[in-house]
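Colleague: Questions regarding the structure given below will be posed in turn.
In this note's numbering, the protein residues as written are 8 to 332.
Rendered as structure tokens:
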């Protein structure tokens, strides 16, 4: 077997009460929700565990379609999943803005339309490393998809329509921004080839989801200095105002310790607090990784009240149980 299939088999064996395989590299809920509710589907390469399949379950995703390491799964496999999820209520397909994922999604949606499957696409583009003024189509999808899955999943369980879910999701994507920093290297699990490598004492501010470069390299500085820089850039992008309720997530990308991530969170929280903003929802966790890359992603979002309400609802997935106060 290949590493991706073995990984998914292990995941579904470990959490068999919540998820199962429904075809090659297609992970679905073990206990599907009623077909009068919209299905939430996503796609993406393996190598980012626990994303994306670790968030399949009650209150989040209904289906995850998985490609090989750092590779899109292809249109035919995605179309197979859309056929499995077909329902009168429709399907919302969440797509991270990467060329292969977008191409697979566009082709699969065309096939679905011909087959009479009701599906709408929602693109995520939270990475700000392309520049603060970069158009949405030039911004990559990073960890911002994961809290979006939770918000959409909770809204779907409540019975929101496909159009309502699309509006809720689009409103969130316009108010979320993520920036990644990397140190060290990551390797391919099948051949141990180096995918991304940085010189000692250098960090990449603006790393992409596959270890690729982004904003540029700089000398490695302290966790506090790095966190303050990233908060400033994210705030310059989102333009939050004093009194705004924010989401702050520090996502480890593979090799950073919880201690390190907690120190980064502490500084980011204090920076936002000093600006008069309230961190209403927060998380320190590996939710979307880059193999064994050292570093983290900092996610910041301005939350509307309905987003907060949906985010607080319990989700029952392998890697995301409860969030919120």
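We treat Cβ as the ideally placed atom computed from N, Cα and C, and that holds for glycine.
Predicted model only: the values in this text are computed from it and were never measured.
1. Under DSSP, the alpha helix (DSSP H) around residue 180 begins and ends at which residues?
2. What number of angstroms, rounded off, separates the C-alpha of residue 175 from the C-alpha of residue 314?
3. Does DSSP put residue 226 in a helix, a strand or coil?
4. Buried or exposed for residue 280, going by 16 or more other Cβ atoms inside 10 Å?
5. Note down, one range per segment and in chain order, each alpha helix (DSSP H) of at least 4 residues found wholly within the region 86–158.
6. Quick check: what's the CA-CA separation for residue 54 versus residue 93?
7. Tell me which residues share the same chain as residue 299 and place their Cβ nearer than 6 Å to its Cβ, disregarding the 5 neighbours each side in the sequence.
8. Would you kindly check if the distance between the Cβ of residue 258 and the Cβ of residue 197 is under 8 Å?
9. Where does the unbroken beta strand (DSSP E) through residue 318 begin, and where does it stop?
10. Could you tell me whether the region 51–71 touches the region 147–167, where touching means 3 or more Cβ pairs closer than 8 Å?
11. Between 89, 307, 177, 202, which has its C-alpha nearest residue 3's C-alpha?
12. Closest by CA to residue 236, which one among 10, 69, 256, 212?
13. In this structure, does DSSP put residue 190 in helix, strand or coil?
14. Exposed or buried, what is residue 332 when buried is set at 16 or more other beta-carbons lying within 10 Å of its beta-carbon?
15. Is there contact between the region 66–80 and the region 37–49, where contact requires at least three CB pairs shorter than 8 Å?
16. Give a yes or no on whether the C-beta atoms belonging to residue 307 and residue 254 are separated by under 8 Å.
17. Output yes or no for whether 8 Å exceeds the beta carbon distance between residue 125 and residue 158.
Modeller: According to the data block:
1. As a first step, residue 180 is located in the chain shown; it is residue number 173 there, counting from the start. 169–180 is the span of the alpha helix (DSSP H), which, as asked, contains residue 180.
2. As a working note, residue 175 is residue 168 in the chain shown. As a working note, residue 314 is residue 307 in the chain shown. Residue 175 and residue 314: Cα-Cα distance of roughly 8 Å.
3. Working through the chain shown from its first residue, we reach residue 226 at position 219. DSSP places residue 226 in strand when its eight states are reduced to three.
4. As a working note, residue 280 is residue 273 in the chain shown. When all chains shown are included, residue 280 counts as exposed.
5. 106–121
6. The count along the chain shown starts at 1 and reaches residue 54 at position 47. The count along the chain shown starts at 1 and reaches residue 93 at position 86. Taking the straight line from one Cα to the other gives about 28 Å.
7. Position 292 of the chain shown, counted from the first residue, corresponds to residue 299. Around residue 299: 193, 261, 262.
8. To locate residue 197, count along the chain shown from 1; it is residue 190. To locate residue 258, count along the chain shown from 1; it is residue 251. No, the pair does not count as a contact, with Cβ atoms beyond the cut-off.
9. In the chain shown, residue 318 corresponds to position 311, counting from 1. Premise fails: residue 318 lies in the alpha helix (DSSP H), 312–319, not in any beta strand (DSSP E).
10. yes
11. A query on residue 3 cannot be resolved here, the shown segment of the chain reaching from 8 to 332 and no further.
12. Position 229 of the chain shown holds residue 236. Closest option to residue 236, Cα to Cα, is 212.
13. Position 183 of the chain shown, counted from the start, is the residue given in the question as residue 190. In this structure, residue 190 counts as strand in the three-state DSSP scheme.
14. Walking along the chain shown from the start, residue 332 turns up at place 325. Because residue 332 carries a pLDDT of 36, less than 50, the predicted location of this residue cannot be relied on, and no value is offered for it.
15. yes
16. Residue numbering aside, residue 307 sits at position 300 when the chain shown is read from its first letter. Residue numbering aside, residue 254 sits at position 247 when the chain shown is read from its first letter. Yes. Within cutoff.
17. For the purposes of this step, residue 125 is taken as the residue at position 118 of the chain shown. For the purposes of this step, residue 158 is taken as the residue at position 151 of the chain shown. No, they are not a contact pair.
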